[in-house]
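The numbering used here applies: residue 6 is where the sequence shown begins, and numbers increase by one.
In this text, a Cβ means the ideal position worked out from N, Cα and C, and glycines have one as well.
Below is one structure, written out as structure tokens; comments come after it.
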Amino acid sequence: MGPTASGKSDLAIQIAQWTVEICPFRHPRTLYRHPRESGDPEKSINDVSSIDQKTELQKSPERFPCEIVSVDSALIYRHMDIGTAKPDKTMQAAIPHHLIDIRNPNETYSAAEFRKDALAAIHSIETKQEVPLLVGGTMLYFKALLYGLSPLPTANPAVREHLQKIAESKGLDYLHEQLLQVDPETAKRVHPNDPQRIQRALEVYEITGKPMSQLCKVQEKDPFPYHAIQIALMPPDRKILHQRIKIRFEHMLKEGLIDEVKALMQRFDLHADLPSMRSVGYRQVLEYLNGKIDFETMKEKAIAATRQLAKRQLTWLRSWPDVHWFKPEDLQGIKKFCQEKIS
């Protein structure tokens, strides 16, 4: 776990290497939970140590008795590689990854679907007597997986069509006002220009007669059937994290993020309301390609949005139970902690 650009990917690789030493026998009921990105926050995102680790993995992938389950709402999308910092083919070949490239960018994927798929992936890894390593920063997915889901109703096509017609005839502002009347708590949390979340909240109210905010406070009793060792990375300094975020996005632009989004636009019917296009970086590049903002504004907005994402992730983590905090560079401390937990 950890905010974006905190060093999750390198740590996942490092733990994969450690499993040979600290798991000489199998621990089918022990899970490591970690996040993705690159190593030492003082270094650039092209950290040589990261490249060396991936090369070593490619040489001898059979040494690592673990598989990664991605807990990242952006990595589920096919063809969205650069802007999501998706693990490359070398790393995916060395360490099997689950829940990556499972949806097209014009499709949706719910927390309920994630929980079902993640539990299936963990079970599959266990049957091979290997270690599941959960890697990501989508805290809503972690919450759904570890603590169960709120008893929200499934989608109702008739209600959705009705709400869509109202949105088309009276506007999204009208729907947001309606939501403010029946569920002010959710209305204050949802942006007035977010049609998917506004209509979903109204749909839940239409079906159940209860505010979505009230239902979300109730967790179904469906406990996680494993013991999770939860590790979170805390960047030592906000300025360093912000600098990493800036360097990371500039690197994505150099790697061809704009061309990637152009290709997506040609292949799929994309618009800003799709969950995939709400991913930081993609939304801003889409605005730029649609002529709504200039290049420099796009860069500024993308970097600012990524900083806000990191802030939200840290807010989640600070109130998260049973999590153990480490600095990204404290590899020996993390290794010792893992050894103690599974010994």
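Which first and last residues belong to the alpha helix (DSSP H) in which residue i is found?
i           : result
residue 343 : 336 to 347
residue 150 : 144 to 152
residue 162 : 162 to 175
residue 189 : 189 to 194
residue 269 : 262 to 272
residue 95  : 94 to 99
For a quick check, are the C-beta atoms of residue i and residue j less than 7 Å apart?
i           : j           : result
residue 223 : residue 326 : no
residue 220 : residue 333 : no
residue 76  : residue 147 : yes
residue 247 : residue 312 : yes
residue 290 : residue 263 : yes
residue 149 : residue 116 : yes
residue 199 : residue 217 : no
residue 349 : residue 185 : Coverage of the chain is limited to positions 6 through 348, which leaves residue 349 absent and any answer about it impossible.
residue 127 : residue 21  : no
residue 229 : residue 104 : no
residue 130 : residue 260 : no
Kindly indicate if chain C contains any beta-carbon less than 7 Å away from that of residue i.
i           : result
residue 328 : Absent from the structure is chain C; it holds one protein chain and no more.
Using only the alpha-carbon positions, how far apart do residue i and residue j sit?
i           : j           : result
residue 209 : residue 336 : 45 Å
residue 9   : residue 254 : 11 Å
residue 293 : residue 300 : 6 Å
residue 331 : residue 284 : 27 Å
residue 119 : residue 141 : 13 Å
residue 165 : residue 85  : 28 Å
residue 80  : residue 243 : 25 Å
residue 132 : residue 231 : 14 Å
residue 304 : residue 113 : 26 Å
residue 170 : residue 269 : 28 Å
residue 322 : residue 98  : 31 Å
residue 252 : residue 121 : 36 Å
residue 329 : residue 236 : 5 Å
residue 137 : residue 343 : 14 Å
residue 193 : residue 279 : 21 Å
residue 38  : residue 139 : Annotation note: pLDDT 39 at residue 38 (below 50); position unreliable, coordinate value reported separately. When rounded, the distance between both Cα atoms is 4 Å.
residue 63  : residue 191 : Because the pLDDT at residue 63 is just 38, under 50, the model does not fix this residue reliably, and the value given afterwards should be weighed accordingly. Distance between the alpha carbons of residue 63 and residue 191: 47 Å.
residue 296 : residue 324 : 40 Å
residue 153 : residue 124 : 12 Å
residue 83  : residue 271 : 14 Å
residue 320 : residue 158 : 28 Å
residue 245 : residue 93  : 25 Å
residue 71  : residue 181 : 46 Å
residue 250 : residue 306 : 12 Å
In the DSSP assignment, find the beta strand (DSSP E) that holds residue i and state where it starts and stops.
i           : result
residue 72  : 71 to 75
residue 235 : 232 to 238
residue 319 : First-last for residue 319: 300 to 323, but that is the alpha helix (DSSP H), not the beta strand (DSSP E).
residue 138 : 136 to 140
Look up residue i in the DSSP assignment and say whether it is helix, strand or coil.
i           : result
residue 223 : coil
residue 329 : strand
residue 285 : coil
residue 200 : helix
residue 179 : helix
residue 128 : helix
residue 293 : helix
residue 83  : coil
residue 247 : helix
residue 103 : strand
What do you reckon, is the C-beta of residue i under 6 Å from a heavy atom of the ligand MG?
i           : result
residue 333 : No copy of the ligand MG occurs in the structure displayed, which carries no ligand at all.
- Answer yes if the region 168 to 176 comes into contact with the region 108 to 124, meaning at least three C-beta pairs across the two stretches below 8 Å, and no otherwise. With the cut-off at 8 Å, the region 108 to 124 and the region 168 to 176 do not touch.
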